[in-house]
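Undergrad: Every number in our numbering is 728 more than the matching position in the sequence shown, counting from 1.
Here a beta-carbon is modelled for each residue, glycine too, at the ideal position from N, C-alpha and C.
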Amino acid sequence: MEAIMFAFFAFTCFCISAIAMKDKPLISIIFGIFTSVCSGLSMYLLWQLLEESGRDTSYIGPWGHPIIPVVYVVFMLLGFMFVILGCVKLLRQKQ
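(1) Assuming contact is defined by CB atoms lying nearer than 8 Å, are I677 and C815 in contact in what I supplied?
(2) Out of L818, S764, L805 and M771, point me to the one whose CA is closest to E730's CA.
(3) Is the distance from the Cβ of P749 to the Cβ of F810 below 8 Å?
(4) By DSSP, does S781 sit in helix, in strand, or in coil?
(5) Out of curiosity, what's the CA-to-CA distance linking F808 and L818?
(6) Whose C-beta lies closer than 7 Å to the C-beta of C766 among residues of the same chain, with five residues either side of it excluded?
(7) For Q821, which residues of its own chain have a beta-carbon under 7 Å away from its beta-carbon, when the five flanking residues on both sides are left out?
(8) So what does DSSP say about K752, is it helix, strand or coil?
(9) What is the DSSP secondary structure of Q823, counted as helix, strand or coil?
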């Protein structure tokens, strides 16, 4: 249950970061970090849930069916992208 909650929170943080990018790059940086962290936590919790239930976790890895980790990794990278773009925008505003 927590894995799903963190996944939705990661998506919400991603949307807030994208909206805030235009006018408030610092908020975009903060929510970009939250996006990456929540996505990573969600992937970890999902992995633990599958291991505890006794299901085969090999399809979670990149060697099986990679759709689940690919989605999480994409959101982690998008979060880092907003952090980098927000930092660049802040540096340009200060100049």
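TA: So, to answer that:
(1) Since the first residue shown for the chain is 729 and the last is 823, residue 677 is missing from the structure and cannot be characterised.
(2) In the sequence shown, counting from the first residue as 1, residue 730 sits at position 2. For E730, the nearest C-alpha among the options comes from M771.
(3) Locating residue 749 in the sequence shown gives position 21, counting from the first residue. Locating residue 810 in the sequence shown gives position 82, counting from the first residue. Checking the sequence, you will find Met at residue 749 rather than Pro. Cβ atoms of M749 and F810: closer than 8 Å.
(4) Here residue 781 is taken as the residue at index 53 of the sequence shown, counted from 1. Note: S781 maps to coil in three-state DSSP.
(5) Residue 808 sits at position 80 when you count from the first residue of the sequence shown. Residue 818 sits at position 90 when you count from the first residue of the sequence shown. Rounded to the nearest angstrom, the two C-alpha atoms are 15 Å apart.
(6) Counted from its first residue, the sequence shown places residue 766 at position 38. The residues are F734, F737, A738 and C741.
(7) Residue numbering aside, residue 821 sits at position 93 when the sequence shown is read from its first letter. The answer is none, since no qualifying residue turns up.
(8) In the sequence shown, counting from the first residue as 1, residue 752 sits at position 24. Residue state, collapsed to three classes: coil.
(9) Taking the first residue of the sequence shown as position 1, residue 823 is located at position 95. Coil.
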